[in-house]
Amino acid sequence: MRILVAIVVTLLFASAVSASRDGGPGVPELSRKSRSIGYPFDGRLEHGVLLRETPFVRYTPEYARDGRFYGTWELVQLLHRAAHRVATRVPGARLSVGELSKQGGGRVPGHHSHQNGRDVDIAFYMTDAAGRPFEPWAFAEFDRNGQGRGPNTMLRFDDARNWELVQRLVTDGDARIQYIFVSNALKERLLREGERRKTSPSIMNRVRRTLMQPPTGHPHGNHFHVRIYCSPANRPRCQDRPPYHAWYPGKPPVGAVVATR
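The opening residue of the sequence shown carries number 151 in our numbering; numbering runs sequentially from there.
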């Protein structure tokens, strides 16, 4: 009888661990109480949730040593959902994640933002010359033709997987995307992939509004920079700035102009 009880307890524990990794009911309650404070460029993170590696998510080795893989519960679960979607629809590759935030937030060397758990850098999905999925040691830059630049000329931008990723991110119902920074050339490439797949006009419009090259600074030709809006539960201590898209969660600040769909 004791052996049977031990087996049942072991199975229940394993189930809870599995569920927590998927953002299911096994997620510890404390994780759900993460708090994003202030702005992405002037803020902090309380009860930050660690993004763990899974069969679908890996740390980009260049950033693994520093361990800045903490975010809000909403952002971390979004990444797990998106990575699982890509792996299910186009099997064979893992999502390579760069930096999120420090455990308690605050300034991160090399970044102006990433301070309050709502930003993440993601390496592009890519393939080698033979078309096989390639997992990079660091971010790799691509031109408008999807060809790797510099020392990465043997690599190709993976249109199929990158489109699946972007489409999953912008349609998530729990974590609402404000920006996905990427170069204009790669934005156009992704939109062509969406059109080729006959993606619905509503999703195409959302992708067009979300993908953007920053007006100044790094053009983001070697990675996606994703930012989510504040969770309504974190406001007003968590602060958003424009644009306020039509899918903004909850009520925007008084006087804010909300973009039409």
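All C-beta atoms in this analysis are idealised placements derived from N, C-alpha and C, irrespective of residue type, glycine included. Keep in mind that this is a model prediction, so the values were computed, not measured.
Counting C-beta pairs closer than 8 Å gives fewer than three between the segment 351-370 and the segment 190-203, which falls short of the contact rule. The beta carbon of H373 is closer than 7 Å to those of G248, D271, I272, A273, F274 and F289 in its chain, skipping five residues each way along the sequence. By the Cβ test, the segment 203-212 is not in contact with the segment 396-407, since fewer than three Cβ pairs between them sit closer than 8 Å. DSSP places Q328 in the strand class (E or B) of the three-state scheme. Taking C-alpha positions only, N295 is separated from G255 by approximately 37 Å. Considered as a whole, the segment 288-363 harbours 309-320, 334-346 and 351-360 as its complete alpha helix (DSSP H) runs of no fewer than 4 residues, in chain order.
In the DSSP assignment, E196 falls within the beta strand (DSSP E) that extends over D192 to E196. The beta-carbon separation of R326 and Y379, rounded to 5 Å, stays under the 8 Å limit for a contact. Taking a C-beta distance under 8 Å as the contact criterion, L340 and A232 do not qualify as a contact pair. Rounded to the nearest whole angstrom, the C-alpha separation of A280 and A310 is 15 Å.
Taking 8 Å as the cut-off, the beta carbon of Y220 is found closer than this to the beta carbon of L200. In this structure, the straight-line span from the alpha carbon of H262 to that of E345 is close to 34 Å. Taking the Cα positions, G371 is about 14 Å away from L305.
For F307 and R342, the gap between their C-alpha atoms comes out near 13 Å. C-alpha of Q389 to C-alpha of I187: approximately 7 Å in a straight line. T222 sits close to S381, with the two beta carbons spaced by under 8 Å. With a cutoff of 8 Å on beta-carbon distance, L250 and H264 are scored as near each other. Only residues of its own chain outside the window of five on either side were considered, and among them A232 and I327 have a CB closer than 6 Å to the CB of L319, listed in chain order. With respect to the C-alpha of F331, the residue from A383, D324, G260 and R358 having the closest C-alpha is R358.
The three-state secondary structure of R387, taken from DSSP, is coil.
Residue pairing by DSSP places V376 opposite V270 and I330 in a beta bridge.
A check of alpha carbon separations from R268 across R282, M276, K252 and P259 identifies K252 as the nearest. Rounded to the nearest whole angstrom, the C-alpha separation of W397 and N266 is 21 Å. Counting only residues of its own chain and dropping the five nearest sequence neighbours on each side, V258 has a CB closer than 8 Å to the CB of R218, E249, S251, K252, H264 and Q265. DSSP places R185 in the strand class (E or B) of the three-state scheme. The Cβ atoms of T349 and Q317 sit closer than 8 Å to each other. Per the coordinates, the alpha-carbon of R391 lies some 8 Å from the alpha-carbon of Y189. In the structure shown, L250 adopts coil according to DSSP, grouped into three states.
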